[in-house]
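>
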Amino acid sequence: MLLFFAKKFARPLSLEWYNIARREETTPFAPERRIPSRVPSTDETTTRTRVRVNRQEEYQSLLGFGGAFTDAAGLNIKSLEPAAQELIIRSYFAPEGIRYNIGRIPMGGSDFSTRPYSYDDVEGDEAFEFWSLAFEDLEYKIPLVHLAREVSEEEVLLFGSAWSAPRWMKTNNDFIGEGRLKDEYYQLWADYFIKFLEAYSAAGLDMWGLTAGNEPTNGNIPGFSFNCMGWTPETQRKWVAENLGPTLRAAGYGKDNLTLMVFDDQRAYVETWLPTILGDPVIGEYVSGWAVHWYWNWLFGPEILDGAHADYPDFWILATEACEGSDLGEPPVSLGNWLYAESYAHNIIEDLNHWVRGWVDWNLALDLEGGPNWAANEVDAGIIVNATAGEFYKNPIFYALGHFSKFIPRGSVRLGLEVAGAVEALATSTPEGDVVVVLLNTPLAASSAIDYRSARSRLSIDDRIEMYVSLVRFDRSGAEQVVEIEDGDRFVSHTMPAKSLVTLLWSTSVE
Numbered sequence: 063m064l065l066f067f068a069k070k071f072a073r074p075l076s077l078e079w080y081n082i083a084r085r086e087e088t089t090p091f092a093p094e095r096r097i098p099s100r101v102p103s104t105d106e107t108t109t110r111t112r113v114r115v116n117r118q119e120e121y122q123s124l125l126g127f128g129g130a131f132t133d134a135a136g137l138n139i140k141s142l143e144p145a146a147q148e149l150i151i152r153s154y155f156a157p158e159g160i161r162y163n164i165g166r167i168p169m170g171g172s173d174f175s176t177r178p179y180s181y182d183d184v185e186g187d188e189a190f191e192f193w194s195l196a197f198e199d200l201e202y203k204i205p206l207v208h209l210a211r212e213v214s215e216e217e218v219l220l221f222g223s224a225w226s227a228p229r230w231m232k233t234n235n236d237f238i239g240e241g242r243l244k245d246e247y248y249q250l251w252a253d254y255f256i257k258f259l260e261a262y263s264a265a266g267l268d269m270w271g272l273t274a275g276n277e278p279t280n281g282n283i284p285g286f287s288f289n290c291m292g293w294t295p296e297t298q299r300k301w302v303a304e305n306l307g308p309t310l311r312a313a314g315y316g317k318d319n320l321t322l323m324v325f326d327d328q329r330a331y332v333e334t335w336l337p338t339i340l341g342d343p344v345i346g347e348y349v350s351g352w353a354v355h356w357y358w359n360w361l362f363g364p365e366i367l368d369g370a371h372a373d374y375p376d377f378w379i380l381a382t383e384a385c386e387g388s389d390l391g392e393p394p395v396s397l398g399n400w401l402y403a404e405s406y407a408h409n410i411i412e413d414l415n416h417w418v419r420g421w422v423d424w425n426l427a428l429d430l431e432g433g434p435n436w437a438a439n440e441v442d443a444g445i446i447v448n449a450t451a452g453e454f455y456k457n458p459i460f461y462a463l464g465h466f467s468k469f470i471p472r473g474s475v476r477l478g479l480e481v482a483g484a485v486e487a488l489a490t491s492t493p494e495g496d497v498v499v500v501l502l503n504t505p506l507a508a509s510s511a512i513d514y515r516s517a518r519s520r521l522s523i524d525d526r527i528e529m530y531v532s533l534v535r536f537d538r539s540g541a542e543q544v545v546e547i548e549d550g551d552r553f554v555s556h557t558m559p560a561k562s563l564v565t566l567l568w569s570t571s572v573e
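Its first residue numbered 63, the sequence shown is counted upward by one per residue in this note's numbering.
(1) I need the DSSP call for M291, collapsed to helix, strand or coil.
(2) Tell me whether the beta-carbon of R472 lies closer than 8 Å to the beta-carbon of E198.
(3) Any idea what DSSP makes of V115, helix, strand or coil?
(4) Could you give the distance in angstroms between the alpha-carbon of W335 and the alpha-carbon of P295?
(5) Starting from E548, follow its DSSP beta bridges and name the residues at the other end.
(6) Contact check, A227 vs S180 under 8 Å by CB: the rounded distance?
(7) If I'm right that V302 touches Y331 with Cβ under 8 Å, what's the distance once you round it to whole angstroms?
(8) So if DSSP puts E480 in a beta bridge, which residue, or which two residues, is it bridged to?
(9) With burial defined as no fewer than 16 other Cβ atoms inside 10 Å of the residue's Cβ, what is the status of F192: buried or exposed?
(10) Leaving out five residues on either side along the sequence, give the residues of the same chain with a beta carbon under 6 Å from the beta carbon of S571.
(11) Looking at G241: is its Cβ nearer than 8 Å to the Cβ of G292?
(12) Work out the CA separation of A353 and E260 for me, nearest whole Å.
(13) Which one of L501, K561 and L563 has the shortest CA to CA distance from A547?
(14) For I580 and G464, which I take to be in contact (beta-carbon distance under 8 Å), what is that distance rounded to the nearest angstrom?
(15) Quick one: using the 10 Å Cβ neighbour count with 16 as the cut-off for buried, is G126 buried or exposed?
(16) For L317 and G266, I'd like the C-alpha separation in whole angstroms.
(17) Jot down the residue ranges of each uninterrupted beta strand (DSSP E) in the stretch 191-242, minimum 3 residues, whole runs only, in chain order.
(18) Is D423 near the ligand ADP, in the sense that its beta carbon is under 7 Å from a heavy atom of that ligand?
(19) In terms of alpha-carbon separation, which member of Q328, W230, L206 and L272 lies closest to T321?
(20) To the nearest angstrom, how far is it from the Cα of E120 to the Cα of M231?
(21) Would I167 pass as a contact of A210 if the rule is Cβ separation under 8 Å?
(22) Let me know the secondary structure DSSP gives K561 once reduced to three states.
(23) Can you look up T382 in the DSSP assignment and give me helix, strand or coil?
(24) Determine the DSSP secondary structure at H574, reduced to helix, strand or coil.
(25) What distance in whole Å lies between the Cβ atoms of R117 and L477, which are believed to be in contact at a cut-off of 8 Å?
(26) Distance check for A482 and S555, CA to CA, integer angstroms please.
(27) Quick one: measure Cβ to Cβ for N425 and T132, integer angstroms, because I've assumed they're closer than 8 Å.
(28) Quick check: what's the CA-CA separation for F362 versus D389?
(29) Residues in the same chain with beta-carbon distance under 6 Å from E480, minus the five sequence neighbours each way, listed in chain order, please.
(30) Am I right that N289 and I238 are in contact with their C-beta atoms under 8 Å? What's the rounded C-beta distance?
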């Protein structure tokens, strides 16, 4: 199932692009060629959207896109033949794939492991005599990360996140439930992070970054069902400022050599957490940014991100976890669910339009049940592995992610954009001088459609354009849109079917 078709065009009248339409469950995907219009349509029965790109208006630079090398992902990928293993990694990280360039590494176990564990589960081992990487690191994570780096054309940025300290360091002596780090182990927990960095470096993998801990609010919830450790804004600030930050710097992992991110939790808590942490001037000596997850975003709008950026512009934002199948009533795995693709595209466009610098998915691969997950917290993934059949399936969310990751390289810059109509849009400029515009025609688009008519005669975006279209037709809602895109004095018009996702590229090097 290939959803990306590319052709480069050098002449004004040679523009082409392809649609991929989902027809019936058993019908293979097949390309449909469409020839674009170079001038605005005058058909009064079609809803119109105007998209105006402003290359003079630049915002944040982008770090890239990626996913997590969880134990579950590694176990599933490694269950296949070596050729299939490499094909999965190439599908994500290679130039012929969707060009991921970020990898998240759980530090020890997470719920997406077959067991709860840490790197030192020997009670009271304060000298870390028994500290060691786990079987899962040596057999799953490290080999697959090396493979990802081998097939990628650019550096794959790696960052670690810890779900929990060892049981014996915590107030509840457990990996789950309401439990926090004991006061007497604040420094030892910082030393644990150094052990992780050194162990991965010895295995040939230097970390680009760390987060201060995965979802720190979870460990404040009585009965929480999977790996967690609770922090408050004040305790995380204290630990980072007085223990983790100075310890990293003393070990040669200062701010110039390693990216440290705080928070790593949901938008819902941003306004109560960031003032305490980022408001401390000492934090700025060690911390570069903050990480955010996507859960409950439908309840908490992106203006929260705008406000945080306005208040703390020196700290950038990275989206570090997302998945479908986690909400009440959703099946953990829904093969071929294009609603999930729309949800991903909507969230990525929304995040990047509100100061987020990169977007990292959750598990790279899961099994048909959405696991393994020792805590029965199964979810969906971009790739689903059927170990019994010796094969894997690329879900629609894989292709939705590719509409961004394949065409927006690291170092791209978000551009100013005016959208008048019912299409969501993102515009970026690449280091190579291309403009990339991603369009999503969905009822999730916030603004109402307009009837835009124009008799203007304009040049098309004609020096070089590529268009990539995935038609995400999973219900009958939505409406066809004529999208009229302007870049300076250049113009192109395209009819977007309902429920479609489109990526366009054009060069600015030839005027």
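Even glycine gets a Cβ: it sits at the ideal position worked out from N, Cα and C.
The relevant details are as follows:
(1) coil
(2) no
(3) strand
(4) 5 Å
(5) R114 and F553
(6) 7 Å
(7) That pair is no contact at about 16 Å.
(8) R114
(9) exposed
(10) G495
(11) yes
(12) 23 Å
(13) Inspection of the sequence shows that residue 547 is occupied by Ile rather than by Ala. Selected option, being the one with the closest Cα: L501.
(14) With the chain represented from 63 up to 573, any question about residue 580 goes unanswered, as that position is not in the structure.
(15) buried
(16) A small correction: the amino acid at residue 317 is Lys; Leu does not occupy that position in the sequence shown. In a straight line, the C-alpha of K317 is about 21 Å away from that of G266.
(17) 219-223
(18) As presented, the structure is devoid of all ligands, the ligand ADP included, so that no description of it is given.
(19) L272
(20) 46 Å
(21) no
(22) coil
(23) strand
(24) Past the boundaries of the shown model lies residue 574; the chain is included only from 63 to 573, so the question cannot be answered.
(25) 6 Å
(26) 14 Å
(27) 5 Å
(28) 16 Å
(29) R114
(30) 7 Å
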